[in-house]
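For the record, the sequence lines run as chains B and Y.
Okay, so the first sequence: first residue is 71 according to the working numbering, each after it adds one.
Okay, so the second sequence: first residue is 76 according to the working numbering, each after it adds one.
Here a beta-carbon is modelled for each residue, glycine too, at the ideal position from N, C-alpha and C.
Only a predicted model underlies this, so the values are computations on that prediction, with no experimental measurement involved.
Only one structure is covered here, and it is reproduced in the block below.
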Amino acid sequence: MKINELIDSHSELTDTSSNRSAVVLMTRIRLARNLQKHPFPGWAKDAQKREIRDQCMQAVAALPQMKRGLAIPVETLDELQKQILVERHLISRELCHSKAGSGIIINKDQSCVVMVNEEDHLRIQVLRVGFQFKKVWATINALDSNLEEHLDYAFSPKLGYLSACPTNLGTGMRASAMMHLPALVISAQMEKVVRAVGQLGMVVRGLFGEGSDASGSIFQISNQTTLGESEEQIIKHLHGVLTTIVDQELNARAKLLETDPKKIYDKIGRAYGILQNGYLLSSGEAMNLLSLIRLGIDLGVYADAQRGLIDRLFIECQPGHVQHAAKGAFEPGQRDVLRAERLRAEFAKMPAPDFSNTTS
Amino acid sequence: MANSLKCDLCVKPATVHLTQIVNNKIHKVDLCEACAQAKGVTDPSGFSLADMLLKSSLNPEPTGDIRCESCGFTQQDFKKTGRFGCPSCYDCFGSFLEPMLDTMHNGIAHTGKVPQRAQERKTIDDRLSQLETDLDLAIKAERYEDAARFRDELSQVRQTAGPKPLVK
């Protein structure tokens, strides 16, 4: 598969949304793995990195899970292509900046990705729409076991999988969920949640990971520690915390509807108006408006059938996707025009909100 | 006083006995009056046993010059980047690693997944190369009965070592 084919084909994240993904948009697990007797990517010479990449990419591309996917060295991608992959949560920003000797393998439905020579030799990642830790762990565990058949991992019985950064030592696993928490944001409870989650050994980040903002009320919550507990224990612990947050969000929605329904209707209704009639929309504003429409769908204001479109627009409103759709490079100001144009067209087709049958 | 203590710094009998606890460790010194005076022990405010012990210590603390034998990465490099150079660094930097891991993680011992297949493969590879060596030696020494036995075992191990079915 070629990169442009992949970009234009259906993907797990943009085409499989269902009402099971109401609060948890996506579940993701990544594993950090390294080859024994080879320097980590940050310390390896370019020639060593290329040798490691060849070895890893060959092994990964041969896996049954990665059949008919894309396997490509990072330096052959242009900036826009890389940006699109970042916006789809397939690769990290760090990988985009890596110079020589990095690679990417992505499977056909874009649910499994392996980054080669990012911070570690291998960063294996599996993502699925909705709240599905069991399924994601089963998939990534099998993928990792198959890969181990062909590669000699750096592993210590005492410290586990050895990683470039000691914060990933042990399981090398980061499990995360992308959550849509508009009611907790509107009712100003997010700070409290972030603090509580931190005390439980979990981390809250914005939509695009470390240092990104939480536009669209979307947050990524993941485990902080990787050593001392098994993968199953970490996932179970995280799952428990996330379930509590889902309940908190649903409670906050019920409370908003009970105490001040007009306030929330107003927000949802105005979002519809702006998306239908705006001519300049930044990605941040578009995200926040789409977030309100999504909340409207959850509350029964809009038909559930619209959910897929909204989740796709979350991604396709990002700067890289906007430019890809318009087939060119555009300045932020021009992108705002293009984005608004696309959203006007989409929302012209969308039925008006119906506040008569709201449920929470 | 046959078993009276001698001064730690000279040979005169010790008359000043000091015990200090520094970093949860007990340090004891015994000094004669002259040496105690010279070291300022009699001035309690200005005296630190730890300083004295450190200065006289034959093994000064290593100061940031641990170097990984396999990749040349140093402790200074780690301070700069927060990353290690290669998997072997974890053996070389063990001494300062453990306290760091303790604050970073939920424990300092791995209890998760083990690369089972890789470990099985390694056991088999080791066994195969051992058998190959044994076979060569037996042939050279014209011990044909042994050689036949090694050959049979080799083919048996090779058969079990065939590629495993992949997990879907």
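Taking 8 Å as the threshold, the shortest C-beta distance from G139(B) to chain Y does not fall below it. The residue from L83(B), Q125(B), G230(B) with its alpha-carbon nearest to that of F384(B) is L83(B). Between S233(B) and A141(B), the CB-CB gap reaches or exceeds 8 Å. If only complete runs of 4 or more residues are kept, the stretch 118–206 of chain B shows the alpha helix (DSSP H) at 149–157, 163–167, in order along the chain.
By the Cβ-count criterion, D201(Y) is exposed, with fewer than 16 other Cβ atoms from all chains shown falling within 10 Å of its own Cβ. At a Cβ-Cβ threshold of 8 Å, G187(Y) and T241(B) count as neighbours. Here R158(Y) carries a coil assignment [DSSP, helix/strand/coil].
At a cut-off of 8 Å between C-beta atoms, C126(B) does not count as an interface residue with respect to chain Y.
Under the Cβ criterion (8 Å, minimum of three pairs), the stretch 143–153 of chain Y counts as touching the stretch 163–176 of chain Y. Taking 3 residues as the shortest admissible run, the stretch 145–216 of chain Y contains no complete beta strand (DSSP E) segment at all.
Selection L155(B), M185(B), P109(B), A92(B) evaluated against Q128(B) yields M185(B) as nearest (Cα-Cα). Interface annotation, F225(B): in contact with chain Y, CB-CB separation under 8 Å. Selection D222(B), V94(B), S300(B), Q290(B) evaluated against M272(B) yields Q290(B) as nearest (Cα-Cα). H108(B) carries a coil assignment under DSSP once its states are collapsed to helix, strand and coil. Per the DSSP secondary-structure output, T329(B) pairs with nothing in a beta bridge.
Looking at the DSSP output, G230(B) sits in a beta bridge with S226(B), G240(B). By the Cβ neighbour-count rule, Y372(B) is buried, with 16 or more other Cβ atoms within 10 Å of its own.
Taking 8 Å as the cut-off, the beta carbon of D222(B) is found no closer than this to the beta carbon of F110(B). Within the stretch 182–198 of chain Y, the residues whose Cβ lies closer than 9 Å to any Cβ of chain B are, in chain order, G182, I183, A184, H185, T186, G187, K188, V189, P190, Q191, R192, A193, Q194, R196, K197.
For V274(B), the uninterrupted beta strand (DSSP E) run begins and ends at 272–275, by DSSP.
For V93(B), the secondary structure class from DSSP, reduced to helix, strand or coil, is coil. Residues of the stretch 137–171 of chain B whose Cβ lies closer than 9 Å to any Cβ of chain Y: none. For I367(B), the CB contacts under 8 Å within the same chain, skipping 5 residues up- and downstream, are A373, D374, Q376, R377, I380 in chain order. Here N238(B) has A102, T296 as same chain residues with Cβ atoms under 7 Å from its own Cβ, once five neighbours each way along the sequence are excluded. Scanning the stretch 313–384 of chain B from its first residue to its last, the whole alpha helix (DSSP H) runs of 4-plus residues come out as 331–347, 353–369. Here the alpha carbon of M260(B) sits roughly 38 Å from the alpha carbon of K397(B). If you look at N293(B), you'll find it in the beta strand (DSSP E) that goes 288–293. Rounded to whole angstroms, the gap between the alpha carbons of A341(B) and I161(B) is 31 Å. Remark: C-beta atoms of G182(Y) and E299(B) approach each other more closely than 8 Å. In this chain, the alpha helix (DSSP H) harbouring T235(Y) covers 219–235.
Burial state of T178(Y) is exposed, judged by a 10 Å Cβ sphere holding fewer than 16 other Cβ atoms. As the crow flies, the alpha-carbon of V392(B) is around 21 Å from that of G343(B).
In the DSSP assignment, K419(B) is bridged to no other residue.
In the three-state reduction of the DSSP assignment, K306(B) falls in the helix class, which pools H, G and I.
Taking CB atoms only, R158(Y) has a neighbour in chain B less than 8 Å away. DSSP places M249(B) in the strand class (E or B) of the three-state scheme.
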